[in-house]
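Here this note's numbering is used: the first residue of the sequence shown is 1, the next is one more, and so on.
For reference, the structure discussed in these notes is given below.
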Amino acid sequence: MKQNEINKWLLEVEHPAKGDKSIVELGMVEKVEIGENSVTVTLAFTKHRDPLAEYLIGSAKAAIIRNAPEGTQVEVKTIIKDEAAPKKKPGLDLGMEELENVKHIIGIASGKGGVGKSTVSVNLAVALARLGYKVGLADADVYGPSVPKMTSTEDQMPDAMQDGDKEVIMPLEKYGVKWMSIGYFAKPEQALIWRGPMACNALKQMILQVRWEELDFLLIDMPPGTGDIHISLVHDIPMEGAVIVSTPQDVALADVEKGVNMFRNESVNKPIFGLVENMAWFTPAEHPDEKYYLFGKDGGLKMAQKYDIPLLGQIPIVQSIREGGDNGEPAALSTRPDGLAFIEIAKKLAETV
Ligand SMILES: Nc1ncnc2c1ncn2[C@@H]1O[C@H](COP(=O)(O)OP(=O)(O)OP(=O)(O)O)[C@@H](O)[C@H]1O
Ligand SMILES: [Mg+2]
1 MKQNEINKWL
11 LEVEHPAKGD
21 KSIVELGMVE
31 KVEIGENSVT
41 VTLAFTKHRD
51 PLAEYLIGSA
61 KAAIIRNAPE
71 GTQVEVKTII
81 KDEAAPKKKP
91 GLDLGMEELE
101 NVKHIIGIAS
111 GKGGVGKSTV
121 SVNLAVALAR
131 LGYKVGLADA
141 DVYGPSVPKM
151 TSTEDQMPDA
161 MQDGDKEVIM
171 PLEKYGVKWM
181 SIGYFAKPEQ
191 ALIWRGPMAC
201 NALKQMILQV
211 RWEELDFLLI
221 DMPPGTGDIH
231 ISLVHDIPME
241 GAVIVSTPQD
251 VALADVEKGV
261 NMFRNESVNK
271 PIFGLVENMA
281 WFTPAEHPDE
291 KYYLFGKDGG
301 LKMAQKYDIP
311 LLGQIPIVQS
321 IREGGDNGEP
331 AALSTRPDGL
341 AFIEIAKKLA
351 ETV
């Protein structure tokens with residue numbers, strides 16, 4: 001490995017808030033040290049707490065890991081160049097100030113992937129906004145963010161704003177909801193290679209350094225699974241409780257059980273406000289009165305009873321929900337039965353909380 005080779009790799013790392021210039025062009029690469037089997041890069045940040053610091057650190061590391069020979073140890077250090085600013089690692093001592101005026105922080109989780117967490121999160125957010133609540137949604141799925149596409153905001157870029165010695169990110173606003181997702185900054189292929197801790201830090205910035213202002217509800221669309229990211233999220237973000245999403249399938253139920261236990265274990269001990277049974281039955285668009293129980297009947301209901309969790313509602317599989325997700329117009333905006341189903345769930349959730 002040579003210095004100029006590494007610089008070339010780092011050219012891939014663009015600062016999304018600075019016209020997509022690379023960290024090399026922006027003069028942020030302070031030092032590159034090459035060992036026999038290791039690379040240490042030092043990045044210089046001029047601003048105290050650049051809201052994208054964690055994202056850039058993670059991306060720089062990922063760019064080197066992607067290109068360097070296998071087994072190379074990669075470290076990315078940071079320094080603050082502005083002498084006036086306190087000398088500390090940017091981004092890591094995030095406080096809770098931005099969450100001060102948020103009344104209820106609720107995680108939307110399940111143990112299993114693909115059961116419709118993001119669909120339920122986005123529609124629940126829109127439905128709560130339609131009921132008159134102030135709502136925000138943070139997409140915590142670093143590896144597969146879906147909020148930008150589901151709200152058709154993928155071509156937008158949240159603004160960063162300086163407030164005293166602190167920089168904050170402004171959420172996007174659409175359909176009466178404030179949205180934040182790492183998908184607005186990261187290209188999918190960059191996020192994929194992130195290791196656990198990098199992803200965790202970037203994620204925390206995407207929640208704690210966002211100017212949410214006053215909110216009744218901040219929903220957090222959790223990534224699938226019950227791994228490190230989840231544990232770190234439920235510990236570091238002051239979530240009040242969770243909503244669990246499940247399909248009626250037995251396998252899904254077994255995984256959902258893990259999701260439930262994640263919130264109920266002793267060290268976390270957060271209430272579960274309810275369960276949403278998604279894909280509860282299939283209703284063809286041309287026969288709105290028919291119900292086909294493709295994944296079994298009432299699995300979610302049984303699950304809710306077994307764990308003593310309120311069933312917030314059942315959502316059928318309907319084409320319009322998938323289409324709404326794909327074209328960025330959530331079903332909850334409509335007055336069709338599927339839209340109203342989300343409104344009913346939102347009402348119940350607000351009552352329960
Ligand atoms: N009730 C429904 N009717 C029709 N399609 C649905 C329904 N719920 C979800 N889908 C579709 O299923 C797919 C997966 O949903 P979604 O992305 O919300 O799941 P997820 O649990 O967030 O997945 P991941 O684990 O990858 O984050 C999407 O294409 C979505 O549009
Ligand atoms: Mg999802």
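All C-beta atoms in this analysis are idealised placements derived from N, C-alpha and C, irrespective of residue type, glycine included.
What you are looking at is a predicted structure, and each value in this text was computed from that prediction instead of being measured.
Excluding its 5 nearest sequence neighbours in each direction, N37 has C-beta neighbours in its own chain below 7 Å: G71, T72, Q73, listed in chain order.
I23 and G114 have their C-alpha atoms roughly 35 Å apart. Inter-segment contact for the region 158-172 and the region 240-256 is absent: fewer than three beta-carbon pairs are separated by less than 8 Å.
Per DSSP, the continuous alpha helix (DSSP H) segment holding S118 begins and ends at 117-130. Just so you know, the alpha carbons of S320 and S334 end up roughly 10 Å apart. T153 sits in coil when the DSSP states are folded into three classes, being neither helix nor strand. Bridge pairing for I105: L218 [DSSP]. By the Cβ test, the region 171-184 is in contact with the region 207-222, since at least three Cβ pairs between them sit closer than 8 Å. Relative to ligand 1, T119 has its C-beta within less than 7 Å of a heavy atom.
The count of Cβ pairs closer than 8 Å, one atom from the region 309-323 and one from the region 271-289, reaches three, so the stretches are in contact.
Counting the other CB atoms within 10 Å of its CB gives N261 a total below 16, which places it among the exposed residues. Cβ-Cβ separation between L43 and V29: approximately 6 Å, consistent with a contact (criterion under 8 Å).
Under the DSSP assignment, E277 falls in the beta strand (DSSP E) whose first and last residues are 272-282. Taking all protein chains shown into account, A285 has fewer than 16 neighbouring C-beta atoms within 10 Å of its C-beta and is therefore exposed. Going by beta carbons, N123 and A304 fall outside the 8 Å limit. Nearest to I65 by C-alpha distance, out of I6, G328, S121, is I6. Q156 counts as exposed, since fewer than 16 other beta carbons sit within 10 angstroms of its beta carbon. The Cβ atoms of P330 and Y133 do not sit closer than 8 Å to each other.
Counting only the Cα atoms, S146 lies some 21 Å from A17. For E33, the beta-bridge partners assigned by DSSP are T40.
Classified as exposed, P197 has fewer than 16 neighbouring CB atoms from the shown chains inside 10 Å of its CB. With a 10 Å radius around the Cβ and a threshold of 16 neighbouring Cβ atoms, K8 comes out exposed.
Not one heavy atom of ligand 2 falls within 7 Å of the beta-carbon of G107.
Annotation: the continuous alpha helix (DSSP H) that includes V234 extends over 228-236.
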